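K.L.:
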Amino acid sequence: MPGWPRISAALLFALLAEAAHWFTPQYPALHYAGMALAVLAIGLAGLGVYKSGLKSLWRLQLGIHALMAVAVTGAFLIGQWPEAAMVMALYAAAERIEDQAMDRARLAIRALLQLAPDTAQVVQSDGSSITMPTAEVPAGATVRVAPGARIPLDGSITAGHSSVNQAPITGESVPVDKAPGDAVWAGSINQEAELQVQVTAATADSMLARIVSAVEQAQARKAPTQRFVDRFAAIYTPIVMLLAIGLAVIAPLFWGWGWLNAIYQALALLVIACPCALVLSTPVTVVSALTSAARQGVLLKGGSSLEAARLLRTVALDKTGTLTTGKPALVDWQLLTTTVPAPQAMQLAWSLASRSDHPVSRAIALGLQEQITASSEAEALLALPGRGVQARIQGQTYYLVNLRWAQEQQLDSPALQAAITAHTQQGRSVSLLATATEVLALFAVADRLRPEAAEAVAQLQAMGITPVMLSGDHPDAVRAIAAQAGITQAQGGLLPQDKLQQLQALQQQGAVGMVGDGINDAPALAQADMGFAMGGAHSTGMAMETADVVLMNDDLRRIPATIELSRRAHVVLWQNIALALSIKAAFFGLALADSASMWLAVLADMGVSLLVVANGLRLRRIG
Numbered sequence: 001m002p003g004w005p006r007i008s009a010a011l012l013f014a015l016l017a018e019a020a021h022w023f024t025p026q027y028p029a030l031h032y033a034g035m036a037l038a039v040l041a042i043g044l045a046g047l048g049v050y051k052s053g054l055k056s057l058w059r060l061q062l063g064i065h066a067l068m069a070v071a072v073t074g075a076f077l078i079g080q081w082p083e084a085a086m087v088m089a090l091y092a093a094a095e096r097i098e099d100q101a102m103d104r105a106r107l108a109i110r111a112l113l114q115l116a117p118d119t120a121q122v123v124q125s126d127g128s129s130i131t132m133p134t135a136e137v138p139a140g141a142t143v144r145v146a147p148g149a150r151i152p153l154d155g156s157i158t159a160g161h162s163s164v165n166q167a168p169i170t171g172e173s174v175p176v177d178k179a180p181g182d183a184v185w186a187g188s189i190n191q192e193a194e195l196q197v198q199v200t201a202a203t204a205d206s207m208l209a210r211i212v213s214a215v216e217q218a219q220a221r222k223a224p225t226q227r228f229v230d231r232f233a234a235i236y237t238p239i240v241m242l243l244a245i246g247l248a249v250i251a252p253l254f255w256g257w258g259w260l261n262a263i264y265q266a267l268a269l270l271v272i273a274c275p276c277a278l279v280l281s282t283p284v285t286v287v288s289a290l291t292s293a294a295r296q297g298v299l300l301k302g303g304s305s306l307e308a309a310r311l312l313r314t315v316a317l318d319k320t321g322t323l324t325t326g327k328p329a330l331v332d333w334q335l336l337t338t339t340v341p342a343p344q345a346m347q348l349a350w351s352l353a354s355r356s357d358h359p360v361s362r363a364i365a366l367g368l369q370e371q372i373t374a375s376s377e378a379e380a381l382l383a384l385p386g387r388g389v390q391a392r393i394q395g396q397t398y399y400l401v402n403l404r405w406a407q408e409q410q411l412d413s414p415a416l417q418a419a420i421t422a423h424t425q426q427g428r429s430v431s432l433l434a435t436a437t438e439v440l441a442l443f444a445v446a447d448r449l450r451p452e453a454a455e456a457v458a459q460l461q462a463m464g465i466t467p468v469m470l471s472g473d474h475p476d477a478v479r480a481i482a483a484q485a486g487i488t489q490a491q492g493g494l495l496p497q498d499k500l501q502q503l504q505a506l507q508q509q510g511a512v513g514m515v516g517d518g519i520n521d522a523p524a525l526a527q528a529d530m531g532f533a534m535g536g537a538h539s540t541g542m543a544m545e546t547a548d549v550v551l552m553n554d555d556l557r558r559i560p561a562t563i564e565l566s567r568r569a570h571v572v573l574w575q576n577i578a579l580a581l582s583i584k585a586a587f588f589g590l591a592l593a594d595s596a597s598m599w600l601a602v603l604a605d606m607g608v609s610l611l612v613v614a615n616g617l618r619l620r621r622i623g
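FYI, the UniProt record's numbering numbers position 472 of the sequence shown as 472, with every residue one higher than the one before it.
1) Should isoleucine 239 go down as buried or exposed, given a rule of 16 or more other Cβ atoms within 10 Å for buried?
2) One question on the structure: do glycine 427 and arginine 479 come within less than 8 angstroms of each other, judged by their Cβ atoms?
3) Excluding sequence positions up to five away, which residues of its chain have a Cβ less than 7 angstroms from the Cβ of proline 224?
4) Determine the burial state of isoleucine 577: buried for a count of at least 16 other Cβ atoms within 10 Å of its Cβ, exposed for fewer.
5) Take the Cβ of glutamine 226 as the centre, count every other Cβ of all protein chains shown within 10 Å, and call the residue buried at 16 or more, exposed below.
6) Are there 16 or more other CB atoms within 10 angstroms of the CB of alanine 17, so buried, or fewer, so exposed?
7) Where does phenylalanine 13 land, buried or exposed, given buried means 16+ other C-beta within 10 angstroms?
8) Around the Cβ of alanine 614, are there at least 16 other Cβ atoms within 10 angstroms (buried) or fewer (exposed)?
9) Using only CA atoms, which one of Ala547, Ala533, Arg568 and Asn520 lies nearest to leucine 115?
10) Which word fits histidine 161, buried or exposed, when buried means at least 16 other C-beta atoms lie within 10 angstroms of its C-beta?
11) Shortest alpha-carbon distance to glycine 148 belongs to which of Phe587, Asn190, Pro175 and Pro341?
12) Can you name the start and end residues of the alpha helix (DSSP H) that threonine 424 belongs to?
13) Give the DSSP-derived three-state secondary structure of valine 340 in the structure shown.
14) As a quick exercise: from Thr437, Leu442 and Tyr399, pick the residue whose alpha carbon is nearest that of isoleucine 420.
15) Quick one: what's got a C-beta closer than 7 angstroms to alanine 186's C-beta in the same chain, skipping five residues either side?
16) Grab the span of the alpha helix (DSSP H) containing arginine 313 for me, first residue to last.
17) Ends of the beta strand (DSSP E) at glutamate 379?
18) Out of curiosity, what's the CA-to-CA distance linking threonine 373 and alanine 436?
19) Tell me the residue span of the alpha helix (DSSP H) that contains lysine 51.
20) Which ranges would you report for the alpha helix (DSSP H) in the UniProt domain "P-type ATPase A" (115 to 216) if only whole runs of at least 4 residues count?
21) Excluding five sequence neighbours on each side, which residues of the same chain lie with their C-beta closer than 8 angstroms to the C-beta of alanine 308?
22) Using a Cβ-Cβ cut-off of 6 angstroms (strictly less than) and excluding sequence neighbours within five positions of alanine 262, which residues of its own chain qualify?
23) Assign glycine 386 to buried or exposed, taking buried as 16 or more other Cβ atoms, counted over all protein chains shown, within 10 Å of its Cβ.
24) Taking DSSP's pairing of strands, which residues face isoleucine 393 in a bridge?
25) Would you mind reading off the limits of the alpha helix (DSSP H) that contains leucine 12?
26) Sort Ile481, Gln491, Glu455 and Ser156 by Cα distance to glycine 472 and report the nearest one.
27) Of all the options Leu411, Trp574, Ala586 and Val315, which has the alpha carbon lying nearest to the alpha carbon of valine 515?
28) In three-state DSSP terms, what is methionine 469?
29) Given a threshold of 16 other Cβ atoms within 10 Å of its Cβ, counted over all protein chains shown, does asparagine 402 qualify as buried or as exposed?
30) When burial is assigned at 16 or more other CB atoms within 10 Å of the CB, is valine 571 buried or exposed?
31) For the candidate residues Leu556, Pro25 and Ala20, whose alpha-carbon lies nearest to that of aspartate 318?
32) Determine the DSSP secondary structure at aspartate 548, reduced to helix, strand or coil.
33) Check whether the Cβ atoms of leucine 440 and alanine 434 lie closer than 8 angstroms to each other.
34) Measure the C-alpha to C-alpha separation of glutamine 417 and glutamine 334 and round it to an integer number of angstroms.
35) So leucine 579 and valine 608 are in contact, right, with Cβ under 8 angstroms, and what is the actual spacing, rounded?
36) Which of the three DSSP states is assigned to tryptophan 255 in this structure?
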């Protein structure tokens, strides 16, 4: 496949050939110059395709290259050599774009492995640590992970308490508190305190490596969508060839035609049958639809993606960052004591939360900020790893902590447990404001449903498409968001390979789309018949490169709109095919009736081309 410099030069020469053809009536000398420019354009952009097409015709393997060879030859026969040059140059450009898209996907897969650090701090028997390449650390070794660092290998915590951001792997919306015995994965981020992790899997067997393998295998199984013209050419081209040969041979033998006249009519039939209109109308229709989608903030990676959307029967959606905003927010709070009034409890909680970098604390501080009229300075702030923070405010120590701290201090009660359970069943994370002797209030934080999510789900259902949710988040959080969105089928607690398995099961019932935004969604996005990636600030490049469609404005309503556009584009394509074939069939009849002429053939070919192109351009007005 030629590179962009040769393709650009071919497009330029094709345009010059068109100009020469236009002025030939006034300046006949331009005729041969224009033909030379057209031949040069074809040689630069598609000589390999043309040779391959001729070989395919010789072997009776009538695919897209054979169709291109027929189109170019037919265009030259009717004197439309600029058209032949432009068709070949545009085809070469489309092939080049497709190759580059595959290259970007392969680069994104390799970049995924860079999430895990190249080196690890391996603990020695005397308690010291040495730096080793991650790839050389064996299973069973213990590594030390500093606060803020990425965990280098899959393992189990042996010492330390901290919160770990697992969003790159599981898609969970908030960091997860980790203690000795808990599993951690390479590429996740240790946030608060030093951890010691016993390695359970070498680099080649880590969760990241398995994600990469799953993406590559899914892409290998996912054959590129066969173009309609390929399927059509396998039937159309041999029929036309046989008709032309039959007319040239049979007409003189059985109908009394002269041999020269029969050959002329056969040539006219081939000219009429030239598939230029079909070759031009299909990309025009597809590009018009892609342009319409782009105006709506939807980037489709080529015509195969546009074609696949109309076939979807199920759409699987991730939760965090897809159906939800991906940002924890304070959704409720509750005073649990009469010791302090509600305004003071809010002020105390804000003073503690505003001094912490934990996402849950930041959500509490932001949620309370507008209601705070006065606040007290928090002094002697101290992080409690895996539990929360404490500080002195106006001479008294207050705590903003989780349930584990309350249980350790024996401050939990049946009433407190019931209040917390009511929130956790809705998928919320609960923080407690307390003193050393009493729990004062609880604050519930949760990821919020996108404003347009329920509308998008309803639109999918109205189109006969079943929405399901597949998430790595806690099942309670998944059920709560599913209920708000109107989704009846939802599963939580899924690792990347689990999502992949669920998607494969859904594909037994028909074509499935997958919508996601994270690296953990990449295997499912690759396996899906059509992958939709959220394109906002919180999405990963891996998800966007793996997917077939990118929603640049993160508007879920664009998914049903894309499917509807695909359906309309399919109708227009069939209209163009029917229009082209019906008009050509009429001229076939003229040729068989010994009434065709070359100028009528030119009129038929160019007229049909203009009609189907105009019809295809209608899609640009959608949206």
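Every residue, glycine too, gets a C-beta built ideally from N, C-alpha and C. Given the structure is predicted, the values throughout are model-derived calculations rather than measurements.
P.N.:
Put simply:
1) exposed
2) yes
3) Any answer about proline 224 is weak, because its pLDDT of 37 lies below 50 and its placement is not dependable; what the coordinates show is given next. Closer than 7 angstroms at Cβ, skipping near neighbours: Ser304.
4) buried
5) Annotation note: pLDDT 37 at glutamine 226 (below 50); position unreliable, coordinate value reported separately. When all chains shown are included, glutamine 226 counts as exposed.
6) buried
7) buried
8) exposed
9) Asn520
10) buried
11) Asn190
12) 414 to 424
13) coil
14) Leu442
15) Ala116, Ile151, Pro152, Leu153, Asp154, Ser206, Met207 and Leu208
16) First-last for arginine 313: 312 to 317, but that is the beta strand (DSSP E), not the alpha helix (DSSP H).
17) 379 to 384
18) 26 angstroms
19) 30 to 58
20) 167 to 170
21) Thr225, Ala511, Asp529, Met530, Asp548 and Ser566
22) Ala248, Ala251 and Pro252
23) buried
24) Gln396
25) 4 to 23
26) Gln491
27) Val315
28) strand
29) buried
30) exposed
31) Leu556
32) coil
33) yes
34) 13 angstroms
35) 7 angstroms
36) helix
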